[in-house]
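Numbering (the numbering used here), first residue to last: 207 to 569.
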């Protein structure tokens, strides 16, 4: 599996980021900063991260509501396993693993589940761009960005505008697939040109994927997705802020309240970069933009590197252990979650009072 071209490309991308991180950060200074950090802030930061994970499960429940009514606390383990898999597998294969674990536990088509995850990722991107759009003007007006930094901000703004255009194009395309039968018919006609042996399978997968987009048929659903995405990223920002106290980061700014837009910028930059398929856990792809955002506002590269490393560690290790624990409880090997056979029989979903079986789908 690791010899497939897409995996090798992901590793090359991550190695490039790691090399850039080592080139731009004073490693000796970073190690000294880490040695003097106040690690008592890590525990509350982990709790905040898990709260954000619970909101992710809530948003996913909203996305799946048109297909299957799954209890929030049944979805939470699936989300945790997906994030664990992203941290252990390259090129964001955790998204595929999550969709198949959902199918295993709740009987929901993996392809339909994957479609809802694609919608999640698009709204994550749009929300992060919104946070960056709020943070950058505040930082410029506060005087934290000098003349040289202003040029960098302009570059970032151009990148943000291009990224926003891409995300908006994708959400528009997904919405058209959901509301306009003609787009789905067009894809099915394309599938008719495939070899006879795989044609029925391709048509079935297209239909299941479009089914996962039904939540986008009503405009108010878009607003609902944005409103559910905001607390996720505000909580992740709160986790970053708590870690910032490990390095007395608010004291770098006058007034210290300016650390808030700085944190928003770091959250936006680091997480947008991890959408690039790379190595397990997006090692390097996370740290480089986080450091760049902090250096932009005058934080030393040693402190910036230490902060980025500790935040990434805090957001990776606990959820990875939790996801592995959930798989251990059910005796499910991670490799099983990468099987792509939609015709195999999933485990019958559990039924709880007031909650429909996860296997019931709209037809």
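All residues carry an ideal CB built from backbone N, CA and C; glycine is no exception. Fair warning: this is a prediction, and the values are worked out from it, not measured in the lab.
For residue 476, the enclosing alpha helix (DSSP H) covers residues 465-479. If you look at residue 238, you'll find it in the alpha helix (DSSP H) that goes 233-241. Distance from residue 284 to residue 307 at the Cβ level is roughly 5 Å; contact confirmed, criterion being Cβ atoms closer than 8 Å. In the same chain as residue 350, and ignoring 5 residues on each side of it, the C-beta atoms closer than 6 Å to its own belong to 503, in chain order. Under the three-state reduction of DSSP output, residue 364 falls in the helix class. The three-state secondary structure of residue 492, taken from DSSP, is coil.
If you ignore the 5 residues before and after residue 259, its C-beta comes within less than 8 Å of the C-beta of 282, 285, 286, 289, 525, all in its own chain and listed in chain order.
Exposed is the label assigned to residue 246, since fewer than 16 other Cβ atoms lie within 10 Å of its Cβ.
Rounded to whole angstroms, residue 361 and residue 342 show a C-alpha spacing of 12 Å.
Closest option to residue 374, judged by alpha-carbon separation, among 336, 348, 511: 336.
Under the Cβ criterion (8 Å, minimum of three pairs), the segment 214-225 counts as touching the segment 481-499. Burial state of residue 401 is exposed, judged by a 10 Å Cβ sphere holding fewer than 16 other Cβ atoms.
The residues 260, 263, 264, 267, in chain order, have a CB closer than 8 Å to that of residue 278 in the same chain once the five nearest residues on each side in sequence are set aside.
Cα atoms of residue 507 and residue 500: separation of roughly 8 Å, rounded to the nearest angstrom. Close CB contacts of residue 520 within its chain, under the 8 Å cut and outside five residues either way in sequence, are with 248, 251, 252, 255, 445, 449 (chain order). In terms of Cβ geometry, residue 475 and residue 491 do not form a close pair [threshold 8 Å]. Using a Cβ-Cβ distance cut-off of 8 Å, the segment 375-385 and the segment 411-425 are in contact, since at least three pairs of beta carbons, one from each stretch, lie closer than that value. Residue 468 has its alpha-carbon roughly 22 Å from the corresponding atom of residue 242. Taking residue 543 as the centre and dropping the five residues before and after it, the same chain places the C-beta of 291, 303, 306, 307 closer than 7 Å to its C-beta, in chain order. When the five nearest sequence neighbours on each side are left out, the beta carbons in the same chain lying within less than 7 Å of the beta carbon of residue 435 are those of 265, 329, 330, 333, in order along the chain.
With fewer than 16 other Cβ atoms inside 10 Å of its own Cβ, residue 395 counts as exposed. Contact between the segment 408-416 and the segment 317-329 is present: three or more C-beta pairs spanning the two stretches fall below 8 Å. One alpha carbon belongs to residue 338, the other to residue 406, and they sit about 44 Å apart. Collapsing the DSSP output to three states places residue 330 in a helix. Under the three-state reduction of DSSP output, residue 399 falls in the coil class, being neither helix nor strand. The beta carbon of residue 479 sits closer than 6 Å to the beta carbons of 491, 495 from its chain, once the five residues preceding and following it are set aside; these are given in chain order. Of the candidates 472, 536, 466, 540, 472 places its Cα closest to the Cα of residue 514. Counting along the chain, residue 521 sits inside the alpha helix (DSSP H) bounded by residues 507-536. For residue 407, the enclosing alpha helix (DSSP H) stretches over residues 405-417.
Classified as buried, residue 443 has 16 or more neighbouring CB atoms from the shown chains inside 10 Å of its CB.
Approximately 14 Å separates the beta-carbon atoms of residue 451 and residue 505; this is outside 8 Å, ruling out the contact. If you draw a straight line from the Cα of residue 386 to the Cα of residue 392, it comes to about 10 Å.
Proximity to residue 293 across 344, 358, 529, 271 peaks at 529, based on C-alpha coordinates. Only exposed fits residue 368, as fewer than 16 other CB atoms lie within 10 angstroms of its CB. Just measuring C-alpha positions, the residue of 220, 239, 477, 296 sitting nearest residue 366 is 477.
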